[in-house]
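A.B. asks: Numbering (numbering that gives the first Met the number 0) for the sequence shown: 0 to 453. Even for Gly, the Cβ is constructed at its ideal location relative to N, Cα and C. First, the structure itself, so that you have it in front of you.
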Amino acid sequence: MSRRSASQQLSSSSETASESGSRLNRRRVLATTAGATSLSLAGCLSSYETIGSSDDEEPITIGVLAPQPKSDYVGRSMERAAALAVDELNEDGGLLGRDVELVVGDTNGSPLEAKREYQRLVLEENADVTTGVFDSLALRNIMDDIAEQETIHLTSGAATTAASQLVAEDYERYKYHFRVGPTNDRHLGQAQVDFVDAVADDVGWESVALLAEDYEWSREPWDVITETLEETGVDIAMDERYPPATNDFSEIYESVADAGADMALIAAAHTGNDALLDWSYPNKPEVPPQPQPFAFGGIHVPLQMPGYYDQTDGACEYAIGVISATADSEFPGGTGAFVDAYQKKHDGATPVYTGYHTYDAVTVFADVVADRETLETDELISALEAVTFDGVIGTVEFYDETNPYPHDLVYVEEETLFFQWQETDDGEGVQEIIWPEEHATTNAHGEYVTPEWL
């Protein structure tokens, strides 16, 4: 199914209104009995489907779960991207002849708060679909709620395969979960291997050091990389999962250098800033900088931030990262148009990867609703399982229930981007896409640049 304007499929049939009206009323009943046991609720769900009358004027409600959307760049991008998608839908006439509204839940970076906010969005705000969730632990903590409420959830931030494993183990119970992005944690590890395999010979990497902060989120990519990287012909010079509280990488990097590694391939989120600065400017504030004798990059969350070059005073130059999209990447789903519209609404600010995925989540949901002319859950699950959608991060397509990762975003190597922070002739830092070659940008050098000290 190709992407199209939702307005082309508008319908306000009484059948659709009846379906949506009954779902909203079922949730209102559930909200008044929140203290009841899950067993008693489960026994009554089917009867609630027929309670109440339809209301053609009731808006279609989209709920987004975002961490601290008023202050955190990850959550802010989620909220803003969802709001942009909703605005565009309403400008095109809404969905099924009805307005679309957005309700936001602040997960506050807490699995417990994510659970509370999910319940509020569905039970009190009557959300017809939910999206968002950045933290993997938060996603795990709401999976049973998603199953209980039988309401589609489109993850747009958390990568854990724990969610898709639940779908695989008990499809009928957990079939409501889909991951629009990012690629799951196993495929995130595979992407690192594919990248090294593709570029190592050209850039002179014969061996790499594998580093990862010892958080749960990094374990699956770590396992994939350690198990398969040497199949590419590149040696693993050393590997270390370092403590989460690490803020001094001098000893770790000394070991990397002693091992003779050409590159440090890292998985870092919480420790990313210290890892970066101890690589490029370990002797700060002494002049000149004495950077480490190896290349650096991998899964590095802070590196993905559009303003990171300025925030680090250029210390991230030459560092490499995987990313869903940049302000200059382009996919058939209209990446550039999305970025332009986002920047226009927010004083030139650029979204981070969670924004791209959240925008795709809202628009792919709207696409299948418009195509099937219904809000009936099983019908939409069937539609999502069959969809091939041109998103702003590439192709949005989901694995079926026979795959080890059912309802996860299909991993497409050719659409998984790696960038390097480079400096333009004007002295500006840019996230230059360097691989795959067909997606390479040309704002600076247009290809990988070896750090000048190497």
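Taking only three categories from DSSP, how would you classify H438?
C.D. replies: Helix at H438.
A.B. asks: Under the three-state reduction of DSSP, which class applies to P77: helix, strand or coil?
C.D. replies: It should be noted that the sequence gives Met, not Pro, for residue 77. Three-state result, M77: helix.
A.B. asks: Where does E437 land, buried or exposed, given buried means 16+ other C-beta within 10 angstroms?
C.D. replies: Exposed, because fewer than 16 other Cβ atoms sit within 10 Å of the Cβ of E437.
A.B. asks: Return helix, strand or coil for R25, following the three-state DSSP convention.
C.D. replies: Low confidence applies here, because R25 scores a pLDDT of 37, under 50, leaving its location unreliable and the question unanswered by this model.
A.B. asks: So what's Y170 in DSSP terms, helix, strand or just coil?
C.D. replies: Three-state result, Y170: helix.
A.B. asks: Inspect the beta-carbon positions of I432 and S328 and report whether they are closer than 9 Å.
C.D. replies: Yes; because the gap between Cβ atoms is below 9 Å, this pair is in contact.
A.B. asks: Where does E250 land, buried or exposed, given buried means 16+ other C-beta within 10 angstroms?
C.D. replies: Exposed, since its Cβ has fewer than 16 Cβ neighbours within 10 Å.
A.B. asks: What three-state label does DSSP hand A423 in the structure shown?
C.D. replies: The amino acid occupying residue 423 in the given sequence is Thr; Ala does not appear at that position. If DSSP states are grouped into helix, strand and coil, T423 belongs with coil.
A.B. asks: Just grab the DSSP bridge partners of H176 for me.
C.D. replies: H176 is bridged to H152.
A.B. asks: Y241 and D261: beta carbons closer than 9 Å?
C.D. replies: The answer is no: Cβ separation not under 9 Å.
A.B. asks: If you run the structure through DSSP and keep just helix, strand and coil, what is G483?
C.D. replies: Shown here, the chain extends from 0 to 453; a query on residue 483 therefore has no answer.
A.B. asks: Going by DSSP, what residues sit across from A267 in a beta bridge?
C.D. replies: A267 is bridged to H299.
A.B. asks: Roughly how many angstroms separate the alpha carbons of V367 and E396, rounded to a whole number?
C.D. replies: C-alpha separation (whole angstroms): 12 Å.
A.B. asks: I'd like the list of long-range same chain contacts for E446, defined as Cβ closer than 7 Å, with 5 residues on each side in sequence excluded.
C.D. replies: Cβ within range, chain order: I433, A439.
A.B. asks: According to DSSP, is E56 helix, strand or coil?
C.D. replies: Looking at E56 - three-state DSSP - the assignment turns out to be coil, as it is neither helix nor strand.
A.B. asks: Check this for me: beta carbons of P66 and F133, under 9 Å apart or not?
C.D. replies: Result yes, Cβ atoms of P66 and F133 sit closer than 9 Å.
A.B. asks: Is E48 buried or exposed, if buried means 16 or more other CB atoms sit within 10 Å of its CB?
C.D. replies: For E48, the predicted structure reports a pLDDT of 30, less than 50, and the residue's modelled location is therefore unreliable. A value from the coordinates is still provided. E48 comes out exposed.
A.B. asks: For T31, count the other beta carbons within 10 Å of its own beta carbon; 16 or more makes it buried, fewer makes it exposed. Which is it?
C.D. replies: Bear in mind that a pLDDT of 34 at T31, under 50, signals an unreliable position, so the model cannot answer this.
A.B. asks: Mind checking whether E451 and Y317 have CB atoms under 9 Å apart?
C.D. replies: A contact, by the Cβ cut-off of 9 Å.
A.B. asks: By the three-class DSSP mapping on this structure, what secondary structure does F364 have?
C.D. replies: F364: helix per DSSP, three-state reduction.
A.B. asks: When the distance is taken between beta carbons, is V73 closer than 9 Å to T353?
C.D. replies: Cβ atoms of T353 and V73: closer than 9 Å.
A.B. asks: With burial defined as no fewer than 16 other Cβ atoms inside 10 Å of the residue's Cβ, what is the status of D184: buried or exposed?
C.D. replies: Flag for D184 reads buried.
A.B. asks: Mind checking S76: buried by the 16 CB within 10 Å criterion, or exposed?
C.D. replies: That one is buried.
A.B. asks: Would you mind stating whether H406 and V166 have Cβ atoms separated by less than 9 Å?
C.D. replies: Contact flag set, yes.
A.B. asks: Three or more C-beta pairs under 8 Å: does that hold for the segment 163 to 182 against the segment 387 to 404?
C.D. replies: Judged by Cβ distances under 8 Å, the segment 163 to 182 makes contact with the segment 387 to 404, as three or more pairs qualify.
A.B. asks: Anyone know if the C-beta pair for G390 and T415 falls short of 9 Å?
C.D. replies: Their beta carbons are not under 9 Å apart, which means G390 does not touch T415 by this criterion.
A.B. asks: Exposed or buried, G203, counting other C-beta atoms within 10 Å across all chains shown (16 or more means buried)?
C.D. replies: That one is exposed.
A.B. asks: If the criterion is Cβ atoms closer than 9 Å, does the pair L83 and P110 meet it?
C.D. replies: Taking 9 Å as the Cβ cut-off, L83 and P110 do not qualify as a contacting pair.
A.B. asks: Please state whether the Cβ-Cβ distance between V233 and V207 is less than 9 Å.
C.D. replies: Yes, these two residues count as a Cβ contact at 9 Å.
A.B. asks: Select from V179, T387, K343 the residue whose C-alpha is nearest the C-alpha of Y358.
C.D. replies: That would be V179, whose Cα lies nearest to the Cα of Y358.
A.B. asks: Cβ atoms of M304 and V351: under 9 Å apart, would you say?
C.D. replies: Cβ distance < 9 Å, so V351 and M304 count as in contact.
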